[in-house]
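Contents: one structure, followed by commentary.
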Amino acid sequence: MLARDSDVVNCGLQRIGRIFGGVAALAASVIIGLATVPAQAQGRLDAHYEASLAGILVGKGSWTIEIADDQYSAAADGGTTGILKAFAGGHGSGAAQGRVVNGLLAPSSYLATIASDSKQSETIRIQLAAGNIKESTIEPEPEPNPDRLPVTEAHRKGVIDPMTGSLIHVAGTADPISPEACAWSAAVFDGRMRYDLKLGFKRLETVKAKGYQGPVVVCALYFAPIAGYVPDRAAIKYLAAQRNMEVWLAPIAGTRVLVPFKVLVPTPIGMAALQATQFVSTAVVRTAKTQ
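In terms of the numbering used here, the sequence shown opens at residue 53 and continues consecutively.
Structure below.
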């Protein structure tokens, strides 16, 4: 494989993981007395995924998401396997949490750690408030690159973290598995890079995995780098030019949140895919009481 193509493939696989992370949340019903008030819906997802390149298994991971009335959180964990592990073993984990405000997800923190056999592990921490980055660190601190477009204070406002960016809230009361789910865009900061994501409706499909058999909505996925990247890097140019990336969205029971069931990213040597092999989603209903 040419070095240029290798860079594109590696960036494509890493970008899948960074764009789509995991979340977990806990919410409590306030018990004041004995009389009941309307039930509060909550949902939980326990999912397992496999990553493949040109049909060859290269990684496995898990994703746990919990969404409550006023909070959400997520945790994701995965690593290389099969033929890829023989050449570049690696492991990554991440977590995000925040509040649910008027049905919308408002992130407060994000943590990601990536380790490999050949490089020192890297940890990214982000603190957010009201859609703005309050603090962001990378350990160890990366070497400065004069060719990298700087991330300004303006780029740190009105953004979400990449894990929260993988949770698509569908407004309204109609079935969330609909073309309207793809009418979505987000400004994302991953600790190093600021980029935009945008979806576009393509079609409806039916999928099957352990724990879920039913409809998904398939959206085109568009990636636009804004800052924090090297403009001449082949992988960034390649991903930004792609018009064939897809994300297949499935529901978390008890919520109006959809999450990726499958992600497809073309590369020069074949399709990079992340697909659920287990998608166990449950609704949790709690009843608050009052006097």
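Think of the CB as a built atom: it goes at the ideal place given N, C-alpha and C, for glycine as much as any other residue.
Tell me which residues share the same chain as residue i and place their Cβ nearer than 6 Å to its Cβ, disregarding the 5 neighbours each side in the sequence.
i: Y101; result: G113, L326, A328
i: G263; result: Q330, F331, V332
i: G183; result: G210
i: T334; result: R96, A305
i: P231; result: F253
i: K314; result: W300, Q327
Does residue i come out as helix, strand or coil in the three-state DSSP assignment?
i: S218; result: helix
i: E232; result: helix
i: I288; result: helix
i: R244; result: coil
i: A279; result: strand
i: A226; result: coil
i: R295; result: coil
i: A99; result: strand
i: R208; result: helix
i: A272; result: strand
i: R255; result: strand
i: L109; result: strand
i: E193; result: coil
i: G263; result: coil
i: L301; result: strand
i: L201; result: coil
i: T133; result: coil
Are the beta-carbon atoms belonging to residue i and residue j less than 8 Å from one another?
i: D284; j: D199; result: yes
i: P248; j: A276; result: It is worth fixing the name first, because residue 248 is Asp in this sequence and not Pro. Yes, these two residues count as a Cβ contact at 8 Å.
i: V270; j: L291; result: no
i: A233; j: L301; result: yes
i: W115; j: A103; result: no
i: I178; j: S188; result: yes
i: I220; j: V153; result: no
i: L97; j: I304; result: yes
i: Q172; j: G306; result: no
i: V299; j: L251; result: yes
i: A239; j: G210; result: yes
i: T175; j: E191; result: yes
i: M297; j: A261; result: no
i: P47; j: I321; result: Nothing about residue 47 can be read from this structure; the chain reaches only from 53 to 343.
Where DSSP assigns a beta bridge to residue i, which residues make up the other side?
i: Q172; result: For Q172, which the question treats as bridged, DSSP gives no partner whatsoever.
i: T307; result: Beta-bridge pairing links T307 to no other residue.
i: M323; result: P318
i: R151; result: Q123, A158
i: F313; result: Per DSSP, none; premise fails for F313.
i: T334; result: R96
i: E118; result: R96, S125
i: L180; result: I185
i: T165; result: S145, T175
Counting only the same chain and skipping the five closest in sequence on each side, list residues whose C-beta sits under 8 Å from that of residue i.
i: T204; result: A279
i: L78; result: Low local confidence applies: a pLDDT of 22 at L78 is under 50, so the model's placement there is unreliable, with the coordinate-based value given in what follows. If we look at L78 and ignore the five residues flanking it on each side, its Cβ neighbours are E118, A120, Q123, S125.
i: T133; result: L109, V110, G111, K112
i: T258; result: Q265, G266, P267, V268
i: I185; result: I178, Q179, R208, K209, V211, F241
i: G130; result: G69, Y101, A103, G111, K112, G113, S114, H143, G144, S145
Measure the beta-carbon distance from residue i to residue j and round it to whole angstroms, keeping in mind my assumption that it falls under 8 Å.
i: G144; j: T165; result: 7 Å
i: Y281; j: L201; result: 6 Å
i: H207; j: R244; result: Going by Cβ atoms, the distance from H207 to R244 rounds to 12 Å, so no, they are not a contact pair.
i: A128; j: G146; result: 5 Å
Using a Cβ-Cβ cutoff of less than 7 Å, which residues in the same chain neighbour residue i once the five nearest sequence positions on both sides are dropped?
i: P159; result: A148, G150, L180, I212, D213, T216
i: M323; result: A106, L316
i: V336; result: Q94, G95, R96, G306
i: V222; result: P228, E232, A233, R308, L310
Would the beta-carbon of residue i be found less than 7 Å away from any heavy atom of the ligand NAD?
i: G144; result: For the ligand NAD, the structure offers nothing, since it holds no ligand at all.
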